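Quick note on this note's numbering: the sequence shown kicks off at 8 and runs consecutively.
Every residue gets a Cβ at the ideal spot worked out from N, C-alpha and C, and that includes glycine.
The structure presented is a predicted model; accordingly, all values stated were derived computationally and were not measured.
Single-structure report; data block below.
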Amino acid sequence: MDRPTPKARGGTPDQLTAHTRDVVTHYTARHAFREDLFGRQPFANYGYWPSPDLSFEQAGERLTALVAEAAGVGSGDQVLDVGCGYGANAVCYARSYAPARIVGIDITELRITEGRRYVSEQGFDRLIDLQLGDATRMNFGDGEFDRILAVECAFHFDTRRQFLDEAARVLRSGGTLALTDLIPCIGVDPQNYMNGYRASASGVCLDIAANAYNATTYTEYLQAAGFVDIRIDSIVDKTRRPFAQALRRLAISSAPARATALLRVAERIERCCEAGEDYVLVVARKA
Ligand SMILES: C[S@@+](CC[C@H](N)C(=O)[O-])C[C@H]1O[C@@H](n2cnc3c(N)ncnc32)[C@H](O)[C@@H]1O
């Protein structure tokens, strides 16, 4: 079903910061080669790998379930899925947790267009509404949502702290926020963390210095935004590291050009882990 071009909520493209425009450029360019690299599947995350014999799609589902369960998503909830990508997280929430409504926002228009097609194919048109929008300036009412979920995207936001303040505003009192995120490990120099390992295959630096802080500072920002019961747990050994290993296994059975590209991604991820980058699950409740 064709739909009109998505309209931005909370900011038109010309209001985006230079960093956020770079992020959009990256994800738009990435669309053309992600299927060649990782196969046709709707997740755009590293996945959660309790065992190595999963497909990328199964690992993406596991990561999504981990976030939903950490937030306590349940029947009748109003859910906001931030950085919703191609709609795969939202479809998982719809299938498994019977929420009343899911609104997904993403800043990359191509992802919203493709995501709407995927949601429709999966039969969730009436439950899931994907919209173009910026996580740092959300055009929703105060206290509109019971749960806010954000799988693997907050490190992009300009800034993450602004998003945390916005999340606290649009979440009802007692509602929960759960997300996965990339941060420097405690003791790692933020400057080293920003040292260029993270420049993407499309040549864009996807990180900003304003977001290069560890779990201690992250906790302080969550508290300042009005969150309590905060947990930040490292899950890097079940996410980025096994994802890189899965790429290496796939490279063995791939044609040379694809194998080279897969190994390049695996090496970049492994270098980031060695340089002190953590992958964390963050959970908090609005007081
Ligand atoms: C690694 S992908 C994760 C997508 C999806 N959550 C998943 O698990 O498949 C990161 C997503 O964050 C989105 N994003 C980045 N900056 C954003 C912003 N400021 N507001 C909303 N979405 C943003 C990107 O467009 C991209 O789709």
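Kindly give me the distance between the Cβ atoms of residue i and residue j, rounded to whole angstroms, as I take these residues to be in contact under 8 Å.
i: N96; j: L156; result: 7 Å
i: A232; j: T166; result: Going by Cβ atoms, the distance from A232 to T166 rounds to 12 Å, so no, they are not a contact pair.
i: L70; j: T267; result: About 27 Å separates the two Cβ atoms, so there is no contact after all.
i: G130; j: G94; result: Not really, about 12 Å apart at Cβ, beyond 8 Å.
i: D149; j: V177; result: 7 Å
i: P59; j: A222; result: Wrong, their Cβ atoms sit about 27 Å apart, outside the cutoff.
i: R265; j: L44; result: 7 Å
Can you give me the C-alpha to C-alpha distance between residue i and residue j, rounded to a whole angstrom?
i: S260; j: Y286; result: 28 Å
i: L117; j: Q230; result: 35 Å
i: L171; j: F63; result: 29 Å
i: L61; j: E284; result: 24 Å
i: N52; j: R271; result: 17 Å
i: L257; j: P191; result: 28 Å
i: R168; j: Y228; result: 7 Å
i: A175; j: L288; result: 18 Å
i: E277; j: V158; result: 20 Å
i: Y220; j: R275; result: 20 Å
i: L73; j: G194; result: 27 Å
i: M201; j: I114; result: 23 Å
i: D214; j: S180; result: 31 Å
i: E68; j: L189; result: 19 Å
i: T224; j: A262; result: 44 Å
i: A282; j: P197; result: 10 Å
i: Q22; j: T35; result: 18 Å
i: N199; j: S241; result: 20 Å
For residue i, which three-state DSSP category applies?
i: P197; result: helix
i: V7; result: For residue 7 there is no data in the structure shown, the boundaries of the chain being 8 and 294.
i: P191; result: strand
i: S58; result: coil
i: L156; result: strand
i: A142; result: coil
i: Q129; result: coil
i: A185; result: strand
i: E284; result: strand
i: V272; result: helix
i: L23; result: coil
i: Q85; result: strand
i: I242; result: coil
i: A219; result: coil
i: R179; result: strand
i: R265; result: helix
i: D113; result: strand
i: A231; result: helix
i: R278; result: helix
i: L134; result: coil
i: D236; result: strand
i: R292; result: strand
Excluding the 5 residues flanking residue i on each side, which residues of the same chain have their C-beta closer than 8 Å to its C-beta?
i: A78; result: R154, I155, L156, T183, L184, A185, V290
i: F234; result: L171, A175, L184, A291, R292, K293, A294
i: F162; result: D188, L189, I190, L213, D214, N218
i: A105; result: G81, S82, G83
Within a Cβ cutoff of 6 Å, which residues of the same chain sit near residue i, ignoring the five residues on either side of it in sequence?
i: W56; result: A66, K245, P249
i: F164; result: A142, T143, F170
i: V110; result: L87, D136
i: C160; result: G90
i: T226; result: I237
i: P11; result: At P11 the pLDDT is 41, less than 50, meaning the model places this residue with poor confidence; the figure from the coordinates comes in the next sentence. Result list for P11: empty, nothing under 6 Å.
Might you give, ordered along the chain, the residues of its own chain that have their beta carbon closer than 7 Å to the beta carbon of residue i, omitting 5 neighbours on each side?
i: A107; result: G83, D84, Q85
i: L134; result: A101, R108, I109
i: G46; result: F63
i: V243; result: C280, D285, Y286
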